[in-house]
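Encoded as structure tokens, the structure appears first; notes follow it.
Here you go:
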């Protein structure tokens, strides 16, 4: 059965969070930045529509692989974690 879209695979980067609102991802990115953990936002929101739910509205937060554990722990501490696991590796 369809489980929804998966985050893109990006060489040497890992998706640590996905949401349907950009402000949650931006909050997490700023928090990680304060901890000196580099991150990058990948938005798949369709700007032609004002959607914030569904496949056309997902926003992802990526960190370099070497920062994955630190980033996940930091996000867990502020209780905005995601259950993204690299099931395909």
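Residue numbers (our numbering): 32 to 120. Just so you know, even glycine gets a beta-carbon here, dropped at the ideal spot from N, CA and C.
Cα-Cα separation between residue i and residue j, rounded to whole angstroms
| i | j | result |
| --- | --- | --- |
| residue 110 | residue 95 | 21 Å |
| residue 104 | residue 74 | 23 Å |
| residue 44 | residue 90 | 15 Å |
| residue 97 | residue 42 | 12 Å |
| residue 25 | residue 37 | No answer is possible for residue 25: the residues shown for the chain start at 32 and end at 120. |
| residue 39 | residue 52 | 18 Å |
| residue 32 | residue 50 | Bear in mind that the predicted position of residue 32 carries a pLDDT of just 33, short of 50, making it too unreliable to give a figure here. |
Residue burial classification, residue i (beta-carbon count within 10 angstroms, cutoff 16)
| i | result |
| --- | --- |
| residue 93 | buried |
| residue 131 | Given a span of 32 to 120 for the chain in the structure shown, any question on residue 131 remains unanswerable. |
| residue 60 | buried |
| residue 102 | buried |
Beta strand (DSSP E) segment containing residue i, residue limits
| i | result |
| --- | --- |
| residue 72 | 71-74 |
| residue 93 | 90-95 |
Proximity test, Cβ basis, 8 Å: residue i and chain C
| i | result |
| --- | --- |
| residue 47 | Any reference to chain C falls outside this structure, which holds one protein chain only. |
Distance between beta carbons of residue j and residue i, contact taken as under 8 Å
| i | j | result |
| --- | --- | --- |
| residue 47 | residue 107 | Contact doesn't hold; Cβ gap of about 10 Å is too wide. |
Same chain, Cβ closer than 8 Å to residue i, neighbours up to 5 away in sequence not counted
| i | result |
| --- | --- |
| residue 67 | none |
N-terminal and C-terminal residue of the alpha helix (DSSP H) that residue i is part of
| i | result |
| --- | --- |
| residue 107 | 99-108 |
| residue 53 | 53-65 |
6 Å CB neighbourhood of residue i in its chain, flanking five on each side removed
| i | result |
| --- | --- |
| residue 56 | 50, 72, 90 and 92 |
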